[in-house]
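K.L.:
Here it is: the structure, laid out below.
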Amino acid sequence: MINPFDDTYFMRKALQEAEAAFEKGEIPVGAVIVVEDRIIARTHNLTELLNDVTAHAEMQAITSAANFLGGKYLNKCSLYVTLEPCQMCAGALYWSQISKIVYGTSDDQRGFKTMGTQLHPKTEVIGGILAKEASALMKRFFIEKRNLN
Ligand SMILES: [Zn+2]
Numbered sequence: 001m002i003n004p005f006d007d008t009y010f011m012r013k014a015l016q017e018a019e020a021a022f023e024k025g026e027i028p029v030g031a032v033i034v035v036e037d038r039i040i041a042r043t044h045n046l047t048e049l050l051n052d053v054t055a056h057a058e059m060q061a062i063t064s065a066a067n068f069l070g071g072k073y074l075n076k077c078s079l080y081v082t083l084e085p086c087q088m089c090a091g092a093l094y095w096s097q098i099s100k101i102v103y104g105t106s107d108d109q110r111g112f113k114t115m116g117t118q119l120h121p122k123t124e125v126i127g128g129i130l131a132k133e134a135s136a137l138m139k140r141f142f143i144e145k146r147n148l149n
C-alpha cells in the first residue's frame, strides 16, 4: 500500500502556510513539523507583523514543536519548509537535532548551503520538493510588491 503521507503531502501543507504569509504581506515562506505522519507545528514567516528579523517560519516551527512535545530536542521530527533555510534557521535546527529537513526551492543567495552553515551530522536533508510551486509564489510576491511601490 502506498503511504499517502509522503514528502510531497507535507510540503503541500507547508505551501498552504506560505500562502497564508502571502495574504498577510509577509515574504511567503511556510513550514510544518511532523512526527510519525502527524503535524505538530504549522507556521509561516511573520517578520513584518512581529517586527522581528528572527520570526522566520522555521524558528517559530521549532519553538512551537518543542512546546507541543514538552522537550527541546526534535530528533524524532521532520521539518518541511518551502524555502531552503537561511544560516540562522540552519543554526537553530542544528541545536534542535532535528531528524530530517525537507525544503522546496533553493536560496542561492542566503541559503545555508551557499553560506556553508553546518547542520547536525544526524540530520537528513532533502531539497527540491514542490520547488516550482514555492518559487512561483515567491516570484509572484516580489512582483506584486514592486508594483505597489
Ligand atoms: Zn531563516
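Under full-length UniProt numbering, the sequence shown has 119 at position 119, and the numbering climbs by one with no breaks. Every residue gets a Cβ at the ideal spot worked out from N, C-alpha and C, and that includes glycine.
CA-CA distance, T54 and K132?
P.N.:
One C-alpha to the other measures close to 26 Å.
K.L.:
Taking 6 Å as the cut-off, does the CB of H56 come closer than this to any heavy atom belonging to ligand 1?
P.N.:
H56 Cβ: within cutoff of ligand 1.
K.L.:
T82 to K76, Cα distance in whole Å?
P.N.:
If I take the Cα positions, the gap works out to 20 Å.
K.L.:
Out of curiosity, what's the CA-to-CA distance linking P121 and L148?
P.N.:
Rounded to whole angstroms, P121 to L148 spans 44 Å at the Cα level.
K.L.:
For T63, which option in N51, L49 and H44 has the closest C-alpha, if you only look at C-alpha atoms?
P.N.:
Of the listed residues, the one whose Cα sits closest to T63 is H44.
K.L.:
If you measure from the CB of M88, is any heavy atom of ligand 1 nearer than 6 Å?
P.N.:
The answer is yes for M88.
K.L.:
Could you tell me which residues DSSP pairs with K100 in its beta bridges?
P.N.:
The partner list for K100 (beta bridge, DSSP) reads S78 and E124.
K.L.:
Which of the three DSSP states is assigned to T43 in this structure?
P.N.:
T43 falls in the strand class under three-state DSSP.
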